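Last residue of the sequence shown? That's 354 in my numbering, and every number before it is there in order.
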Amino acid sequence: MTRRSRTEQSGRGQERKRGSASIAKSSPDDRNGESESSGASKTSKRDPQAQGEPTAFSGEATVILPPFQALPGLYLVATPIGNLGDITLRALSVLSGVNLIACEDTRISRRLLDRYGIKTKLTAYHDHNAQTVRPRLLDQIAQGQSVALVSDAGMPLVSDPGYKLVRDAVARDILVTVVPGPSSVPSALALSGLPSDRFLFAGFLPARKAARTRVLADLKDIETTLIFFEAARRLPQSIADMAGVLGDRQAAVARELTKKFEQVRRGTLFGLAAAYQEEGAPKGEVVVVIAPPDASMAREVDIDDVLKPLLVRHSLKQAVAMATAKTGRPRREVYARALHLTGKT
10 MTRRSRTEQS GRGQERKRGS ASIAKSSPDD RNGESESSGA SKTSKRDPQA
60 QGEPTAFSGE ATVILPPFQA LPGLYLVATP IGNLGDITLR ALSVLSGVNL
110 IACEDTRISR RLLDRYGIKT KLTAYHDHNA QTVRPRLLDQ IAQGQSVALV
160 SDAGMPLVSD PGYKLVRDAV ARDILVTVVP GPSSVPSALA LSGLPSDRFL
210 FAGFLPARKA ARTRVLADLK DIETTLIFFE AARRLPQSIA DMAGVLGDRQ
260 AAVARELTKK FEQVRRGTLF GLAAAYQEEG APKGEVVVVI APPDASMARE
310 VDIDDVLKPL LVRHSLKQAV AMATAKTGRP RREVYARALH LTGKT
């Protein structure tokens with residue numbers, strides 16, 4: 010173990026006094042931004058606060074937080090993706106014990122900290138100020154301070170600018186350690202029911218159709234499950250493009266994970282494309298999971314071969330009806346493919 014690989018020291022009397030602040034009560038339900046009660050252990054007969062142990066309160070129960078000594082370094086701390094009750098005890102201990110928390114939006118992070126009675130100072134760190142703030146944070150750590158990095162939701166560095174801070178910290182031989190926790194990527198994968206032994210997270214797709222289809226084309230032949238973030242307002246268009254480029258694969262659209270209106274919609278890309286074209290864009294945070302290609306993908310070529318000449322001579326409606334009868338494929342799949350071929354998606 011190297012000098013820089015040391016992280017936390019256990020044992021009583023080692024934790025910082027700031028880590029011993031009591032944590033506010035949880036309400037019974039805080040989904041969609043207000044978490045459910047965390048199901049903490051029963052209250053001990055002794056008074057842990059009187060003995061200097063960091064504690065948290067959940068309902069009527071007292072939880073003793075893990076002992077934590079904040080060494081100078083950068084702590085990558087995962088935060089809830091929707092249900093505030095999903096915060097880990099170790100994350101609470103670290104967030105209450107460091108000198109400073111760097112976050113994307115101080116308003117969002119303050120809401121989480123206030124929920125648990127944590128008074129640690131916040132500073133904004135995001136794409137627009139990273140060039141200025143990053144060296145300042147590293148200088149503070151080099152001078153003996155401890156800094157936690159959090160994102161607005163989930164694991165830092167997953168589709169956010171934090172990697173540059175870690176890169177520069179490593180270059181300066183600064184301690185970097187992780188406090189794992191919630192993340193929408195593995196959560197959506199687990200709920201999808203699709204192969205999980207190999208997967209590729211591709212972040213957000215481009216907003217423009219031409220760029221989006223180029224990215225999808227680059228990923229088409231990769232034999233692994235694909236995972237994307239997508240803005241809800243663009244979902245109908247993006248799913249249609251996925252169907253057009255990747256073919257009729259199995260897929261799942263996970264929305265509002267861990268929140269009150271959590272939903273996972275499963276089906277084929279053609280089927281999902283047709284459904285969202287009819288219903289319009291949903292609301293909330295969206296993760297799309299797509300199965301690897303398989304032999305069944307060849308059937309999209311058959312639909313194309315039938316549709317293309319029909320679309321030249323007939324209306325869209327007539328061409329879809331005729332192609333459906335000829336191929337035996339579900340109408341909604343043929344319709345989604347026809348929309349893609351005519352550029353109407």
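In this text, a Cβ means the ideal position worked out from N, Cα and C, and glycines have one as well.
Remember, predicted model here, so these are calculated numbers, not experimental data.
Roughly how many whole angstroms lie between the Cα atoms of residue i and residue j?
| i | j | result |
| --- | --- | --- |
| K268 | L228 | 31 angstroms |
| V224 | V273 | 24 angstroms |
| T115 | A241 | 24 angstroms |
| Q286 | R264 | 17 angstroms |
| E294 | A162 | 11 angstroms |
| L131 | F210 | 30 angstroms |
| Q149 | L255 | 48 angstroms |
| K335 | R322 | 16 angstroms |
| V103 | K128 | 12 angstroms |
| L320 | Q259 | 27 angstroms |
| A226 | A216 | 15 angstroms |
| R12 | P170 | At R12, the pLDDT of 41 sits below 50, so the modelled position is not reliable; the number obtained from the coordinates is stated separately. Roughly 27 angstroms separates the two Cα atoms. |
| A197 | H137 | 29 angstroms |
| I236 | I90 | 17 angstroms |
| S160 | E113 | 6 angstroms |
| A79 | N92 | 27 angstroms |
| E271 | A261 | 13 angstroms |
| S67 | D230 | At S67, the pLDDT of 48 sits below 50, so the modelled position is not reliable; the number obtained from the coordinates is stated separately. Rounded to the nearest angstrom, the two C-alpha atoms are 49 angstroms apart. |
| D206 | A199 | 11 angstroms |
| F208 | V296 | 14 angstroms |
| L325 | T351 | 9 angstroms |
| Q327 | A284 | 20 angstroms |
| E232 | Q154 | 45 angstroms |
| S118 | M164 | 13 angstroms |
| L101 | G126 | 10 angstroms |
| R99 | I73 | 10 angstroms |
| G280 | V107 | 49 angstroms |
| S168 | V329 | 39 angstroms |
Provide the residue(s) that pair with residue i in DSSP beta bridges, ordered along the chain.
| i | result |
| --- | --- |
| A263 | V273 and V296 |
| G82 | S155 |
| K1 | Nothing about residue 1 can be read from this structure; the chain reaches only from 10 to 354. |
| G163 | T88 |
| V188 | V86 |
| L235 | L209 and I299 |
So, under 8 angstroms CB-CB, residue i and residue j are touching, yes? Tell me the CB distance rounded to an integer number of Å.
| i | j | result |
| --- | --- | --- |
| G212 | F238 | 6 angstroms |
| L109 | V142 | L109 to V142, Cβ: 11 angstroms. No contact. |
| P191 | D95 | 5 angstroms |
| L440 | T97 | No statement about residue 440 is possible, as the shown extent of the chain runs from 10 to 354 and does not include it. |
Of all the options the options, which has the alpha carbon lying nearest to the alpha carbon of residue i?
| i | options | result |
| --- | --- | --- |
| G361 | R176, S160, Y134 and L184 | Residue numbering for the chain in the displayed model covers 10 to 354; residue 361 lies beyond these limits and cannot be assessed. |
| T222 | L131, V343 and Q246 | Q246 |
| P86 | R258, L166, P291 and D136 | Per the sequence presented here, residue 86 reads as Val, with Pro not at that position. Considering only alpha carbons, the answer is L166. |
| K353 | T88, K218 and H137 | K218 |
| L278 | K317, M331, K326 and P339 | P339 |
| D123 | S105, E113, D136 and H137 | S105 |
| G360 | V298, F270 and A290 | Because the chain in this structure spans residues 10 to 354, residue 360 falls outside the shown range and cannot be described. |
| P195 | A284, Q152, L266 and A220 | L266 |
| K292 | V315, L348, D314 and L244 | L244 |
| K317 | V187, S193, P75 and L348 | L348 |
| D257 | D303, R99 and L74 | D303 |
Below 7 angstroms CB to CB, which residues in the same chain sit around residue i once its five sequence neighbours on both sides are set aside?
| i | result |
| --- | --- |
| A282 | I248, A249, A252 and A345 |
| G337 | none |
| P204 | T234, A300 and P301 |
| A59 | With a pLDDT of 45 at A59, under the threshold of 50, the modelled position of this residue cannot be trusted; read the value that follows with caution. Result list for A59: empty, nothing under 7 angstroms. |
| L214 | R221, V224, F237, E239 and S247 |
| D177 | R143 and L147 |
| Y172 | L166 |
| V187 | L85 |
| V315 | A332, K335 and T336 |
Using a Cβ-Cβ cut-off of 8 angstroms (strictly less than) and excluding sequence neighbours within five positions of residue i, which residues of its own chain qualify?
| i | result |
| --- | --- |
| L174 | L83, A111, Y134, A139, R143, L146, L147 and L158 |
| I312 | A332, T336, R338, E342, V343 and R346 |
| A151 | P81, R181 and I183 |
| A290 | A241, R242, R243, L244 and P245 |
Quick one: residues in its chain with C-beta nearer than 6 angstroms to the C-beta of residue i, no 5 flanking neighbours on either side, listed in chain order?
| i | result |
| --- | --- |
| A180 | none |
| S193 | I90, G163, L266 and V296 |
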